[in-house]
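Following: one structure in C-alpha cells, then a few remarks.
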Amino acid sequence: MREVTPLELEGLILNGFVVNLELISCTSSGSHELSKLVGKLVDGSEVYVQCLESSRAIKIYGLYVYYKNKKWIDKVVSEVVMSGITFDSLDDRDTRS
C-alpha cells in the first residue's frame, strides 16, 4: 500500500484510476474528527491518505462518488478524435483530371 497526498488521490479519481474508495474513521485529535481514505486502483494496487480532517476527507470521497460511474474522459477523447475526421460524399469527388 502506497501513501499519496490528498491532491494525488483527487487526480487518480478524476482520471478514473480509482475503482473502490473507503472512508475510515481515525481517532479524534482534540476538537477535530479525523478520517483516512484507502483506495484500490485499476491495476489492483492500493493507495491511502493519512488521517486528515473529516470534512476534507468527506469532500474527496464525495468527488469519488460523483465520478465513479462517469466516463467523461472517454467522451472527451472520442470527441477530440472524431472532430478531425471528415467524410467524403460521392458529390465531393475530385474532378481535376
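If you count by the numbering used here, then the sequence shown holds residues 46 to 142, one letter each, in order.
Positions of the beta carbon are idealized from the N, C-alpha and C atoms, including for glycine.
For Y93, DSSP records a beta bridge to E48, V83.
Less than 8 Å divides the Cβ of Q95 from the Cβ of E48.
Taking each of C71, L82, H77, S76 in turn and checking the Cα distance to A102, the smallest one comes out for L82. DSSP places E67 in the strand class (E or B) of the three-state scheme. In terms of CA proximity to V64, V87 leads the group C71, L97, V87, G56.
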